[in-house]
Every structure is written in C-alpha cells, then in structure tokens.
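Notes to accompany the following structure.
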Amino acid sequence: MFHRIATVVLAGALLVVPHPMLAADPATAKIDALAQSLHLDETFDVMSAEGLNYGKEIDSGLLGGRGGAAWDRTIRQIYDPVTMLDRFKQELASNLADSDADLDAIAAFFDSELGQRVTVLEISARRAMLDPAVDDASRAQLAQMQAEEAPRLRQIEAFVRANDLVESNVAGALTANFAFVSGLVEAKGGAAALDEADILAEVWTHEAEIRDQMETWVHSYLAMAYGPLSDDDLAAYQAFSESGPGQALNRAMFAGFDRVLTDVSRKLGFGAGRILAGQDL
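Count along the sequence shown starting at 1, add 286, and that's the number in the working numbering.
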C-alpha cells in the first residue's frame with residue numbers, strides 16, 4: 287500500500303539497533319512473508335535513495351557545502367536500508383498484533399495478481415520520481431487532469447480520502463521536522479535557548495506549506511503509479527483498502543513509518559548539529 291512520510295527542511299530557524307526475532311515464531315514468519323509480498327526491501331531501497339538526496343540538500347543548504355566525507359558517512363549510516371527495514375518490520379509486527387489484524391486476509395490480497403501489480407506499480411513510480419524530470423512530468427500530468435476534470439482524478443481523490451493519505455503524511459512530516467530540529471538543537475547545545483514549545487511553534491508555522499506540497503505530491507504520484515490500472519482494478523484496490531484488514535494494515539504501516547522516520551530525522555538533525563557546532567568553534 288502507498289505511504290510516504292516526507293521531511294521538509296524548515297526555512298528560517300533551519301527550517302537502532304534492531305533486536306533479533308525468532309525465525310520459528312509463526313507470527314514473525316507471517317510478517318516476513320508479508321514483507322516479501324509488499325516488496326518492502328525495494329521500498330526501503332528507494333527510501334534510502336530519497337534520504338541520501340535529502341542529505342545532499344542539507345549539505346548544500348544548511349551546512350553550506352562543508353559536510354564533506356563526515357556528512358556523507360553520517361547520512362549513509364542513517365539511511366541504511368537494511369537497518370531501516372529491520373526496525374520497520376519490528377514496528378509493523380507490533381502494530382498489527384495490537385490491532386488483531388487478519389494477516390491471512392491481508393496476505394491473500396497482496397499475493398493476488400492485482401495486489402502484486404499494484405505494489406510493483408507503486409514502487410516503480412516512486413523510484414522513477416527520484417528523477418526531477420519525471421517528478422515534474424507527473425505534476426504536469428496532474429495539472430492537465432485537473433483542468434480536464436478527468437474521471438480518473440475523482441477515483442484518485444476518493445482513494446486518498448479513504449486512506450487518509452494527505453493528513454497522515456502531513457502529520458508524519460511535522461513530527462519528522464520536530465525531531466530534526468530537536469536533534470539539531472541538542473547537538474549544538476542550544477536546549478536552554480530553544481525549548482520544545484519553541485521548536486513546535488516554529489515547525490507548525492510551516493504546516494500550510496507542507497500540506498500544499500503533500501496534496502500535490504500525493505495526487506501526482508498516485509495518478510502516475512495507477513495510470514496502467516483499469517477503473518475496475520483501482521476500485522477493487524480501494525475496496526480492499528477500506529476493508530477491516532486494509533485499514534488495519536494502513537494504520538500499522540503509517541505508525542511504523544512514523545517511528546522509523548522520526549528516529550532517522552532526529553539522528554539527521556543531531557549529525558548536522560554536530561557539524562555546525564564544530565564550524566562555530
């Protein structure tokens with residue numbers, strides 16, 4: 287299922303070790319099988335590439351291009367896809383267990399021909415949009431669909447609402463930004479000068495900007511990803527996503543991504559703060 291938690295660098299003020307799980311555990315085996323069905327290894331490879339690009343933006347912006355080899359090592363360690371995936375699978379297992387989700391029903395959908403096709407399309411589109419030219423083209427396509435009031439756009443909007451994709455991603459981005467700035471302040475030793483309330487207030491001033499960005503990105507991405515699907519296929523996917531098992535999986539995955547990317551953002555902020563603190567000496 288589609289999820290994206292985006293971190294937006296704040297303008298102005300700036301803008302895990304996984305524990306082993308027993309392979310013999312039946313619940314763990316089901317989570318491992320679900321992870322394979324969802325192609326989570328590929329998802330986290332793409333997320334790692336997105337993160338490395340974001341790290342380069344931080345270097346050229348916040349760090350003034352002075353991050354060097356130390357910053358490169360930092361972001362590669364933070365965005366290691368295997369580490370992120372291991373942590374996510376722990377969170378996913380815990381979240382699904384707490385929700386008493388029907389794992390068999392979830393697996394049945396994503397092991398089906400439609401489930402596999404949807405998953406591959408989502409990952410392929412996200413990987414393609416690492417290229418700024420493809421990202422721009424997807425936004426242009428969305429603008430054309432909006433101008434023409436394309437019927438497919440209504441389906442996309444219904445899917446977004448059913449899965450709460452904009453709200454969940456906005457909340458995740460705000461949380462990640464809070465974690466980033468908190469890590470930055472901690473590393474620079476500025477906790478006394480900027481407390482949590484100050485950080486929260488600064489982060490919240492960018493809520494409207496983040497929401498606008500997320501609205502556009504979510505819709506342009508889904509329009510591109512689901513373009514090859516028939517209307518009936520997309521309707522069937524939405525029907526699953528609105529079912530009990532589909533909603534349980536959606537909540538569990540968003541919570542898992544939130545936890546992983548909050549940790550990542552705090553480490554990223556702390557790493558950037560340490561470099562800035564060294565430059566200030």
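Virtual Cβ for every residue (Gly too), placed ideally from N, Cα, C.
| Item | Value |
| --- | --- |
| Where S398 falls: helix, strand or coil (DSSP) | coil |
| Alpha-carbon to alpha-carbon, I344 and H325 | 29 Å |
| Sequence-distant residues of its chain with Cβ nearer than 8 Å to R497 (five each side left out) | V452, V456 |
| Through-space distance from F445 to V504, alpha-carbon basis | 11 Å |
| Collapsed DSSP secondary structure at L567 in the structure displayed | The predicted model places L567 with a pLDDT of 39, which falls under 50 and marks its position as unreliable, so this point remains unresolved. |
| Contacts around L371, its chain only, beta-carbon distance under 7 Å, and the 5 residues preceding and following it disregarded | L326, D327, F330 |
| Neighbourhood of A310 by C-beta distance below 7 Å, restricted to the same chain and skipping five residues each side | Note that A310 has pLDDT 43, beneath the 50 cutoff, so the model's placement of it is unreliable and no number is given. |
| Within-8 Å CB hit, A487 to chain C | Absent from the structure is chain C; it holds one protein chain and no more. |
| Straight-line Cα distance separating G347 from G555 | 13 Å |
| Beta-carbon contacts of A393 that lie in its chain and below 8 Å, excluding the five residues immediately before and after | K316, A319, L320, S323 |
| Nonlocal neighbours in the same chain, by C-beta distance under 7 Å from F395, ignoring five residues either side | G401, F526 |
| Candidates I409, D544, Q427: closest to L460 by CA position | D544 |
| Between the CA atoms of V550 and L480 - distance to the nearest angstrom | 21 Å |
| Chain-order list of residues whose beta-carbon lies under 8 Å from that of E493 (same chain, five-residue window excluded) | V456, L460 |
| Meets three-Cβ-pair contact criterion under 8 Å: the region 400-420 and the region 505-516 | yes |
| As assigned by DSSP and simplified to three states, the class of L348 | coil |
| Beta-carbon proximity of L562 to L349, cut-off 8 Å | yes |
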